[in-house]
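Novice: Protein chains in written order, with the UniProt record's numbering: chain A, 1 to 364; chain B, 1 to 263; chain C, 1 to 285.
Sharing a structure with you now.
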Amino acid sequence: MTRHVPVVLASAGLAFALAACGGASSTGEAAPATLDAKADLSKQSLTISIWDGYSPKDLPQTVKAKLGFNTTVAIHDTNETVMAKLTAGGDSGIDVAFVSGQYAQALNAQGLLEPIHADLVPNLTNLYPEAAQLPYDKGNTFSVPYTWGTTGLCYRSDLVKTPPTSWNDLLSPPAELKKKITMMTTERWLALPALKMLGASVNTTDQATLDKAKAMLLKVKPDLLAYDDTTFGDRLKSGEAAMVEAWDGWCPTDQENIKFVVPKEGSDLWVDTMVILKSSKNKEAAHAFVNHVLDPSVHGWVPPNILYKVPNKTAMESVDPALLKDHPELAQTPADLLKGEGLIDLGEASVAYTRLATEVAAAQ
Amino acid sequence: MARREPALRGNGWLRLPFWLTYLFLYAPIAVLVVMSFNRNKTPYSWGGFSLDWYGRLAENSSLRTGLVNTLIVALGSTALSTVLGTLLAVGLARHTRSRVLDALSTLPAILPDLVLAIGLLVFYSAIKMTLGLHSVLVAHTVFGMAFVTAVVRARLGHADTSLEEASQDLGATPYTTFIKVTLPTLAPGIVAGALLAFTLSLDEFVIAFFTHAPSQPTLPIVIYSMVRFGVTPEINALATLLLAVSFTVVIVAQRLTKLTEAL
Amino acid sequence: MTPSPAGRRAAARVATLGPGFAFLTVFLLVPLALVLSYTVFRRGRFGGIVYEPTGENFARLADPLYLDVVLGSVRLAAVTTLLALLLGYPTAYMIARLPGRWKAIALVAVVLPFWTNFLIRTYAWIVLLNSQGPVNSGLEALGLGPVELLYTDGAIVAGLLYAYLPLMILPLYSAIERLDPQLREASANLGARPARTFWSVTLPLSLPGVLTGCVFVFVPSLGNFVIPELLGGGRRIMVGNLIRDQFLKARDWPFGSVLALAVIAVLVLLLFAQAWAGRRAGRNG
Chain A
1 MTRHVPVVLA
11 SAGLAFALAA
21 CGGASSTGEA
31 APATLDAKAD
41 LSKQSLTISI
51 WDGYSPKDLP
61 QTVKAKLGFN
71 TTVAIHDTNE
81 TVMAKLTAGG
91 DSGIDVAFVS
101 GQYAQALNAQ
111 GLLEPIHADL
121 VPNLTNLYPE
131 AAQLPYDKGN
141 TFSVPYTWGT
151 TGLCYRSDLV
161 KTPPTSWNDL
171 LSPPAELKKK
181 ITMMTTERWL
191 ALPALKMLGA
201 SVNTTDQATL
211 DKAKAMLLKV
221 KPDLLAYDDT
231 TFGDRLKSGE
241 AAMVEAWDGW
251 CPTDQENIKF
261 VVPKEGSDLW
271 VDTMVILKSS
281 KNKEAAHAFV
291 NHVLDPSVHG
301 WVPPNILYKV
311 PNKTAMESVD
321 PALLKDHPEL
331 AQTPADLLKG
341 EGLIDLGEAS
351 VAYTRLATEV
361 AAAQ
Chain B
1 MARREPALRG
11 NGWLRLPFWL
21 TYLFLYAPIA
31 VLVVMSFNRN
41 KTPYSWGGFS
51 LDWYGRLAEN
61 SSLRTGLVNT
71 LIVALGSTAL
81 STVLGTLLAV
91 GLARHTRSRV
101 LDALSTLPAI
111 LPDLVLAIGL
121 LVFYSAIKMT
131 LGLHSVLVAH
141 TVFGMAFVTA
151 VVRARLGHAD
161 TSLEEASQDL
171 GATPYTTFIK
181 VTLPTLAPGI
191 VAGALLAFTL
201 SLDEFVIAFF
211 THAPSQPTLP
221 IVIYSMVRFG
231 VTPEINALAT
241 LLLAVSFTVV
251 IVAQRLTKLT
261 EAL
Chain C
1 MTPSPAGRRA
11 AARVATLGPG
21 FAFLTVFLLV
31 PLALVLSYTV
41 FRRGRFGGIV
51 YEPTGENFAR
61 LADPLYLDVV
71 LGSVRLAAVT
81 TLLALLLGYP
91 TAYMIARLPG
101 RWKAIALVAV
111 VLPFWTNFLI
121 RTYAWIVLLN
131 SQGPVNSGLE
141 ALGLGPVELL
151 YTDGAIVAGL
161 LYAYLPLMIL
171 PLYSAIERLD
181 PQLREASANL
191 GARPARTFWS
201 VTLPLSLPGV
211 LTGCVFVFVP
221 SLGNFVIPEL
231 LGGGRRIMVG
241 NLIRDQFLKA
251 RDWPFGSVLA
261 LAVIAVLVLL
271 LFAQAWAGRR
281 AGRNG
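Pasting the structure below:
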């Protein structure tokens with residue numbers, strides 16, 4: 001047995017050495033690259049990572065036609081998985097990633113993002129002025145907002161006795177809704193209804209508040225059908241659930257009996273953004289791509305096709321008024337949205353939220 | 001070939017769990033096959049027979065690319081795992097008494113997949129290896145090998161070495177003995193192990209997600225991103241097609257090869 | 001010149017063990033050591049690793065919260081393993097005794113459902129177990145239902161059993177198939193009844209396969225995090241969820257590594273026990 005110890009020790013030693021140089025190389029590269037505005041884009045190619053169905057299917061074709069380079073679309077299922085891939089060190093092969101605002105903030109804090117060179121993205125002027133006031137990245141210095149929205153209650157008007165108006169309708173459900181409701185599992189949104197009921201910030205790091213929120217979440221657990229942040233729309237359609245905590249864009253309001261409401265205690269403002277990785281070797285093409293997405297003809301694809309709001313003033317103004325009538329949540333103005341509290345990355349304190357989610361899930 | 005004792009006679013009490021196993025294994029398969037022909041999108045009501053979903057499948061090129069990538073990875077890693085794993089199993093049974101090596105050979109099978117995935121991703125970036133199908137293939141070999149080793153080992157468990165000794169006594173080289181005597185005795189274990197390695201690679205998601213190049217996703221990665229928000233009948237159609245093709249391949253392979261005799 | 005027997009043995013040792021362990025050293029031990037080296041460092045404020053040594057990560061392991069999760073998931077994984085053995089052993093036994101052609105078909109039929117896709121199969125279970133699904137319709141027709149099947153521990157066990165049953169059947173098949181039918185015939189000729197033959201001949205000789213199968217089912221059951229979410233409705237978490245959450249959600253790789261290390265340590269002990277029992281069974285056989 002002792003004969004094999006050297007092998008194990010050697011590999012451990014090698015691993016430490018690798019870890020050490022990996023750690024050293026990822027810090028201290030402060031100066032942003034100088035980008036060549038006249039670079040020949042046809043010599044570059046781009047890999048973007050995005051959620052499935054979140055961009056026009058012909059996006060690579062329109063990019064090729066207009067900008068002359070090839071685009072590969074990789075798909076990620078959640079912020080968390082793509083984050084792990086991007087933060088492992090080295091080149092992930094991804095040039096542009098679509099992640100939510102607070103994740104962009106964390107990537108930037110780790111020194112992984114290329115600053116946005118505004119001169120290469122003239123279409124930034126299409127954005128609402130409010131879209132440069134987002135708390136995770138004021139002034140859009142390392143991220144460009146792609147979609148935005150809020151979180152609320154999505155429900156079947158034919159299955160609830162009185163339409164919900166408050167987070168309390170979810171946290172203390174009436175008898176007929178027991179085992180007919182779902183809440184989200186991702187920790188920040190799991191805590192949101194309870195934090196808002198307590199009048200607290202969705203970004204609170206106060207342990208006493210989090211403890212109170214935990215007690216509320218534990219109390220409602222036996223009445224929940226499930227924790228779910230992916231298939232709640234289908235559950236509503238099939239009637240398995242009658243009321244769910246949902247993101248506005250995911251509430252299937254195209255169905256006759258399904259409605260969306262933002263509870264009176266308020267909610268969050270979430271933003272999905274585009275970021276350019278510092279490890280990218282195609283930064284000029286990446287900027288050209290981001291600029292292309294901000295073109296109203298491309299960005300305007302989003303609202304009618306996937307029912308998300310975009311922070312693009314020109315694109316939103318061209319949305320068919322009939323669509324806004326059918327989907328009132330699409331008509332929320334930037335001012336409405338900014339009433340919601342912007343989610344930011346909490347750094348050290350995010351561990352407290354993971355713990356809260358674990359405690360709620362582990363309670364039997 | 002000596003006639004085996006008839007299986008379904010004298011083992012009456014074993015029939016119930018035997019059939020129960022297959023009922024259990026195929027009940028969800030029946031559900032998804034039926035749903036793939038359902039005109040309705042929801043699985044809870046029947047809207048009439050339809051082949052629409054199969055038509056849509058044909059238009060989906062990312063599924064096709066994914067399938068080809070997956071087959072390359074699964075076949076490659078199975079081949080590599082089978083060779084390395086079989087050698088390892090023989091070596092562990094015959095040429096060492098080290099329990100450390102023994103445990104090490106099974107370690108990949110007991111490692112949480114996420115740990116192996118992140119470890120490999122960090123390792124690949126540290127040695128500046130470009131990701132691609134090869135990086136997934138290597139990763140799948142790590143755990144595929146462990147399964148082959150363990151299954152072949154289970155067959156070698158309390159090995160009867162008399163045949164091998166006889167072969168050596170008759171002057172055969174260790175190499176000849178290995179090819180002509182050891183391998184044939186191990187064949188059922190090797191086939192079972194290879195089958196496991198292939199099956200696990202075909203459907204592996206976590207490790208593949210972390211070690212693949214974004215431009216070359218495997219089929220589970222394509223499917224996961226599509227069904228994260230609920231299965232569509234289109235995906236059921238794909239599963240049904242995969243099953244049909246696998247069935248055909250297996251039946252044809254079985255007719256064409258001596259697989260039956262190896263078992 | 002003919003090599004000496006000792007030289008031959010050494011050559012055979014290198015030829016069989018060399019390639020496999022070289023591969024494992026590079027692609028398993030080094031990556032694993034990389035991840036496990038995080039256990040002694042600090043989590044960066046926004047994720048990542050800060051290379052400052054600390055013992056804090058290990059101290060957090062003492063938290064009773066994690067022990068609860070571990071005990072709960074060990075229970076579910078153990079039930080799953082037991083059920084897999086009860087279903088898998090007779091099945092593997094029958095397959096091993098089938099005539100050649102049918103044997104191949106039965107064996108492939110065990111793995112064929114797994115050539116589809118894990119998520120698709122799991123969603124099929126949701127359809128089966130749903131309050132409006134076929135199982136409940138059947139129970140209702142019999143006047144027994146509807147019963148809440150989905151989002152229970154039972155549903156998690158069913159899902160885990162489904163996912164890992166072949167990992168029980170194949171090693172068992174491999175171990176049982178090699179048993180010489182003559183052994184059992186001899187036992188029968190000596191007047192032993194089938195049950196006795198089974199307990200005193202077949203079972204002890206197939207024990208290595210039983211142990212391998214049990215490890216193969218128990219371990220991934222413990223580590224699975226998708227089934228508790230989909231079939232358990234996220235109402236219960238298992239060890240796999242804990243580790244996943246640290247790596248992906250909290251971005252706390254150091255503590256995730258500590259949890260992983262703890263699980264690996266327990267499992268390695270299990271493996272040693274298995275190897276020991278396997279060798280014992282081997283000597284007795």
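Even glycine gets a Cβ: it sits at the ideal position worked out from N, Cα and C.
#1: Please determine, among C:Phe247, C:Leu17, C:Ile169 and C:Leu271, the residue with the shortest C-alpha to C-alpha distance to His95 (chain B).
#2: For Val99 (chain A), which residues does DSSP report across the bridge?
#3: Classify Lys57 (chain A): buried if its beta carbon has 16 or more other beta carbons within 10 angstroms, exposed otherwise.
#4: Mark Pro228 (chain C) as exposed unless 16 or more other C-beta atoms lie within 10 angstroms of its C-beta, in which case mark it buried.
#5: Pairs of beta-carbons, one from the region 95–108 of chain A and one from the region 35–55 of chain A, closer than 8 Å: are there three or more?
#6: So which residues on chain A does Ile237 (chain C) lean against when the C-beta distance must stay under 8 Å?
#7: How far does the alpha helix (DSSP H) with Met145 (chain B) in it reach, from first residue to last?
#8: For the beta strand (DSSP E) containing Ser4 (chain C), name the first residue and the last one.
#9: List the endpoints of the continuous alpha helix (DSSP H) containing Pro112 (chain B).
#10: According to DSSP, Arg43 (chain C) sits in a beta bridge with which residue or residues?
#11: 8 Å is my cut-off, CB to CB: does Gly347 (chain A) come that close to chain C?
#12: In three-state terms, what does DSSP make of Trp148 (chain A)?
#13: Note down, in chain order, all residues in the region 80–105 of chain A with a beta-carbon under 8 Å from any beta-carbon belonging to chain B.
#14: Does the beta carbon of Ile75 (chain A) sit closer than 8 Å to a beta carbon anywhere in chain B?
#15: Which class does Thr47 (chain A) belong to by DSSP, given the choice of helix, strand or coil?
#16: Enumerate in chain order the residues of its own chain whose CB-to-CB distance from Thr217 (chain A) is below 6 Å, with the five nearest sequence positions on each side excluded.
#17: Measuring CB to CB, does residue 270 (chain B) end up less than 8 Å from Thr81 (chain C)?
#18: Count the C-beta pairs between the region 138–154 of chain A and the region 234–254 of chain A that are closer than 8 Å, then say yes if the count reaches three, no if not.
#19: Any idea what DSSP makes of Thr358 (chain A), helix, strand or coil?
#20: Jot down the residue ranges of each uninterrupted alpha helix (DSSP H) in the region 211–257 of chain B, minimum 4 residues, whole runs only, in chain order.
#21: For Asp252 (chain C), which option in A:Ser267, A:Pro296, A:Ala84 and A:Leu41 has the closest C-alpha, if you only look at C-alpha atoms?
#22: What residue from B:Pro112, B:Ala74, B:Pro108 and B:Leu32 has the CA that sits closest to Gly256 (chain C)'s CA?
#23: With a threshold of 16 other CB atoms inside 10 Å of the CB of Phe49 (chain B), please say whether the residue is buried or exposed.
#24: Does the distance from the C-beta atom of Trp125 (chain C) to that of Pro233 (chain B) stay below 8 Å?
#25: Could you tell me which chain A residues have their CB closer than 7 Å to the CB of Phe46 (chain C), listed as they occur along the chain?
#26: How many angstroms separate the CA atom of Val201 (chain C) from the CA atom of Leu179 (chain C)?
#27: What residue from B:Ile190, B:Ala103, B:Leu195 and B:Phe209 has the CA that sits closest to Leu28 (chain C)'s CA?
#28: Between the C-alpha atoms of Pro184 (chain B) and Leu86 (chain C), what's the straight-line distance to the nearest angstrom?
#29: Between Val69 (chain C) and chain A, is the shortest Cβ-Cβ distance under 8 Å, so that the two count as touching?
#30: Please return the same chain residues whose Cβ sits closer than 6 Å to the Cβ of Met145 (chain B), not counting the five positions on each side in sequence.
#31: Taking 8 Å as the CB-CB cut-off, is Pro220 (chain B) touching chain F?
#32: Would you list the one or two residues that DSSP bridges to Lys183 (chain A)?
#33: So, at 7 Å on beta carbons, what are the nonlocal neighbours of Gly193 (chain B) in its own chain, with the 5 sequence-adjacent residues on each side left out?
#34: When DSSP labels each residue in this structure, what does Val147 (chain C) get in the three-state scheme?
#35: Since Asn291 (chain A) and Pro115 (chain A) are thought to touch, with beta carbons under 8 Å apart, how far apart are those beta carbons, to the nearest angstrom?
#36: Counting only Cβ pairs nearer than 7 Å, list the residues of chain C close to Ala150 (chain B).
Specialist: Let's see:
#1: C:Leu17
#2: A:Thr273
#3: exposed
#4: buried
#5: yes
#6: Thr358, Ala361 and Ala362
#7: Leu133 to Leu156
#8: Unbroken run through Ser4 (chain C): none, as it is neither H nor E.
#9: Here Pro112 (chain B) belongs to no alpha helix (DSSP H), and DSSP marks it neither H nor E.
#10: C:Ile49
#11: yes
#12: strand
#13: Thr81, Ala84, Lys85, Ala88, Gly89, Gly90, Asp91, Ser92, Gly93 and Ile94
#14: yes
#15: strand
#16: As written in the sequence, residue 217 (chain A) is Leu, which differs from the Thr given in the question. Excluding residues within five positions, the ones whose Cβ falls inside 6 Å are Ala194 and Val360.
#17: The structure shown does not extend to residue 270 (chain B), since chain B is modelled only from 1 through 263, so no value can be given for it.
#18: yes
#19: helix
#20: 219–227 and 233–256
#21: A:Ala84
#22: B:Pro112
#23: exposed
#24: no
#25: Ala106, Ala109, Gln110, Asp345 and Gly347
#26: 9 Å
#27: B:Ala103
#28: 30 Å
#29: yes
#30: Ser81, Leu84 and Gly85
#31: Among the protein chains of the structure shown, namely A, B and C, there is no chain F.
#32: Reading the sequence as shown, one finds Met at residue 183 (chain A) and not Lys. Bridge partners of Met183 (chain A): A:Tyr227.
#33: Thr82, Gly85, Phe147, Val148, Val151 and Val152
#34: coil
#35: Wrong, their Cβ atoms sit about 15 Å apart, outside the cutoff.
#36: Pro171 and Thr212
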